[in-house]
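Heads up: the sequence shown begins at 1 in full-length UniProt numbering, then just goes up one per residue.
Structure, as structure tokens:
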Amino acid sequence: MSNQDELLRIEGIRKTFPGVVALDGVDFDLRRGEVHVLLGENGAGKSTLIKMLSGAYTPDAGRILVGGEETRIHGAQDSERLGIATIYQEFNLVPDLTVAENIFLGRQPRRYGMIDRKRMEADAEVLLKRVGVQVSPRARVRELGIARLQMVEIAKALSLDARVLIMDEPTAVLTSEEVDKLFRIVRKLREDGVGIVFITHHLEEIAALGDRVTVIRDGKSVGQVPAATPEDELVRLMVGRSIAQQYPRERADKGSALLTVEGLTRDGVFHDVGFEVHAGEVVGIAGLVGAGRTEVVRAVFGADRYDKGAVKVAGTALKGHDVVAAMAAGIGLIPEDRKGQGLVLDQSVEENLGLVTMRAATRAGLVDLRGQREAAARIAGQLGVRMAGLGQHVRTLSGGNQQKVVIGKWLLANTKVLILDEPTRGIDVGAKVEIYQLINELTAAGAAVLMISSDLPEVLGMSDRVLVMAQGRIAGELSADEATQDSVMALAVSNPTNDFKTGKEAARGH
Ligand SMILES: Nc1ncnc2c1ncn2[C@@H]1O[C@H](COP(=O)(O)OP(=O)(O)OP(=O)(O)O)[C@@H](O)[C@H]1O
Ligand SMILES: [Mg+2]
């Protein structure tokens, strides 16, 4: 490699927050035309590291060299000037502005001192075309789904003509088709000589897209390996041990039906959805994004209304659109949007873990604070929540550790029917196994678990039964033995409005 190929180099970077050493001597370098993957457990320091490059944080010690010269990056402008564009784990767009306004925020083209809206929208159109996303430059960002938000973020980065593009878990919220599209864009950028820093918890993406991998553990860089390194070796480097079984499902005795859903319909959204989940069972719901999975479970939980049908817990019908009643009956929902619905960011880990139990306890007229703290400490330990202490505000936890707190909160609540919507999004491989173990414990104790996941190996690996939704209906049901990548996908792309198809027939039809 010639020195000219080196875009940036980081040497011995350190960063401490109150009570946490986030980075404890990290080395990293990036070349022209490569995808350099940053790999590490939740809380290892990946996001903190890239925030040194985007100017969000400044290091306590260590050096950053850009194009061979030592540089200080003191804010977004510095970073932008150096040709570095960052797509954060938590999106950075302004919901009430349009797509074009977001892309050109702070540098709108002007004409006679006024913002040249026409040109801005035309320029945005070109960029959006380049990333291959169909969205109007005039659409408000608030109205976009997560995948399109991601694409707008990329369009924005392209508009900066960045030499370095940093992507913090860009695929965490994308469907496999969207991931393919994203990969095509990234490969094209790499051909153009852009250097890309790529963070992901999906190991299979590393060999597919990456060139080199830097592994970070506990704030230290512990190795740099080629992207073609076998996955189990990557895991060992990352968590410091091997993981024998990625999906450790232990079947429990199947008891009576705890959750019964009958003919659930919300006009225009989902139709005639019916199924049961028994005590001891894990039922997975697979399907493409937009199939109506989240909408159905939100209605079951009482978060949204439905027009027809019934939801019963242990045989007793629930009042519709009433979360309090659903919770009192023993239903819990871990939502897909953890930031919006699952957490109070400016409260402590302990307070967040206690949110559900606290409500129950206060209703009974007493709050067992000590018991609550012990329970919180136990569950946080079990899930390996990386934190300075139970008093740390959830806002300052890493993305994956926030997700663990959402899950822990419901595990503490002693729910009879636990609904998990994309439970392991953004969770590292080691912590996933811990969550699966807790699911095993729940079902062994007689709870019923309903799990939505777009991660097909996870659905196949952890479900005792799989329901597949397509176009707002249940397109079919597969036993654990019948459920394979192919049989699930065939149902997921089927058209269940015509007639009910088995996996095989649907596959033939396509
Ligand atoms: N502003 C902050 N205040 C206090 N602690 C912080 C702050 N930002 C990060 N941390 C801590 O620094 C550590 C590293 O966090 P970071 O977000 O870099 O992890 P990560 O590797 O990106 O993890 P994930 O895979 O979960 O996204 C964590 O322990 C986190 O709680
Ligand atoms: Mg992170």
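Ideal Cβ placement from N, Cα and C applies to all residues, glycine included.
Quantities reported herein were computed from a predicted structural model and do not represent experimental measurements.
Heavy atom of ligand 3 within 7 Å of residue i beta-carbon
i, result
"Gln4", "What this structure holds is ligand 1 and ligand 2, not ligand 3."
Identity of the residues DSSP links to residue i by a beta bridge
i, result
"Ile331", "Val417"
"Ala310", "Glu262"
"Gly68", "Answer is none; Gly68 lacks a bridge partner."
"Thr86", "Ile166"
"Ile10", "Phe28 and Ile64"
"His393", "Ser348"
"Thr316", "Val313"
"Ser221", "Ile216"
"Glu477", "Leu467"
"Arg110", "Ile115"
Same chain, Cβ closer than 7 Å to residue i, neighbours up to 5 away in sequence not counted
i, result
"Ala325", "Gly302, Leu318 and Lys319"
"Ala162", "Gly83, Ile84, Ala85 and Val194"
"Gly55", "Ile73, His74, Gly75, Ala76, Asp78 and Ser79"
"Arg14", "Leu23, Asp24, Gly25, Pro59, Asp60, Ala61 and Gly62"
"Ile243", "Val235, Val429, Gly430 and Val433"
"Gly240", "Arg217"
"Glu11", "Asp27, Gly62 and Arg63"
"Leu160", "Glu80 and Ala85"
"Gly384", "Ala431 and Glu434"
"Gly121", "Checking the sequence, you will find Glu at residue 121 rather than Gly. Correct list, in chain order: Ala100, Pro137 and Arg138."
"Arg363", "Note that Arg363 scores 48 on pLDDT, short of 50, meaning its location in the model is unreliable and no value can be drawn from it."
"Thr48", "Lys15, Ala22, Leu23 and Tyr57"
"Leu30", "Leu7, Leu8, His36, Val164, Gly195 and Val197"
"residue 553", "Here the chain comprises residues numbered 1 to 510, so residue 553 is not present and cannot be evaluated."
Cut-off 8 Å between Cβ atoms - residues of its own chain near residue i, not counting five sequence neighbours on either side
i, result
"Thr175", "Ala147, Leu288, Val289 and Ser454"
"Ala492", "Ala286, Gly287, Leu288, Ala291, Val468, Met469, Ala470 and Ala475"
"Gly19", "Ala388, Gly389 and Gln392"
"Arg373", "Glu350 and Leu390"
"Glu34", "Arg190, Gly195, Ile196, Asp211 and Arg212"
"Glu477", "Phe275, Arg465, Val466, Leu467 and Val468"
"Val135", "Val99, Leu128, Leu144, Arg148, Met151 and Val152"
"Ile50", "Leu38, Thr86, Ile166, Asp168, Val197 and Ile199"
"Gln347", "His393 and Val394"
Element boundaries [beta strand (DSSP E), containing residue i]
i, result
"Asp168", "Val164 to Asp168"
"Ala483", "Run containing Ala483: none; DSSP gives neither H nor E here."
"Val126", "Looking at the DSSP string, Val126 is not in any beta strand (DSSP E); the run it does join, the alpha helix (DSSP H), is Arg117 to Val131."
"Gly290", "Neither: Gly290 is in no beta strand (DSSP E) and is coded neither H nor E."
"Gly195", "Gly195 to Ile199"
Delimiting residues of the alpha helix (DSSP H) encompassing residue i
i, result
"Phe183", "Ser176 to Glu191"
"Thr214", "Looking at the DSSP string, Thr214 is not in any alpha helix (DSSP H); the run it does join, the beta strand (DSSP E), is Arg212 to Arg217."
"Val296", "Arg293 to Val300"
"Ile146", "Ile146 to Ser159"
"Ile103", "Val99 to Ile103"
"Lys404", "Gly399 to Leu411"
"Asp77", "The residue asked about is misnamed: residue 77 is Gln in this sequence, not Asp. Counting along the chain, the alpha helix (DSSP H) containing Gln77 begins and ends at Ala76 to Arg81."
"Arg370", "Leu369 to Leu383"
"Glu143", "That residue, Glu143, is in no alpha helix (DSSP H); it is neither H nor E in DSSP."
"Glu205", "Glu204 to Leu209"
Neighbourhood of residue i by C-beta, 6 Å cutoff - its chain only, sequence neighbours within 5 removed
i, result
"Leu460", "Ala483"
"Glu295", "Val269 and Phe270"
"Ile199", "Leu38, Lys46, Asp168 and Glu169"
"Arg473", "His271 and Pro496"
"Ile103", "Ala124, Ala155, Lys156 and Ser159"
"Glu70", "Arg63"
"Ala375", "Leu412"
"Lys404", "Leu383 and Val385"
"Leu345", "Val394 and Arg395"
**Message:** For the segment 300-316 against the segment 402-419, do three or more pairs of beta-carbon atoms, one drawn from each stretch, fall closer than 8 Å, so that the two count as touching?
**Reply:** yes
**Asked** Quick check: the segment 59-78 against the segment 256-266, are there 3 or more CB pairs under 8 Å?
**Response** no
**Request:** Any chance you could list the beta strand (DSSP E) runs of at least 3 consecutive residues sitting entirely within the segment 12-66, in chain order?
**Result:** 20-31, 35-39 and 61-66
**Request:** Jot down the residue ranges of each uninterrupted alpha helix (DSSP H) in the segment 226-288, minimum 4 residues, whole runs only, in chain order.
**Result:** 231-239
**Item:** Segment contact, 8 Å Cβ cut-off, at least three pairs: the segment 424-431 with the segment 374-382
**Value:** no
**Asked** Enumerated in chain order, which unbroken segments of the alpha helix (DSSP H) with a length of 4 residues or greater are wholly contained in the segment 422-475?
**Response** 429-444 and 456-462
**Prompt:** Does the count of Cβ pairs from the segment 184-194 and the segment 219-237 closer than 8 Å reach three?
**Reply:** no
**Message:** Three Cβ pairs or more, each shorter than 8 Å: is that satisfied between the segment 248-255 and the segment 442-449?
**Reply:** yes
**Item:** Cβ contact (3+ pairs, closer than 8 Å) linking the segment 173-188 and the segment 203-218
**Value:** yes
**Item:** Contact the segment 92-106 vs the segment 136-145: 3+ CB pairs below 8 Å
**Value:** yes
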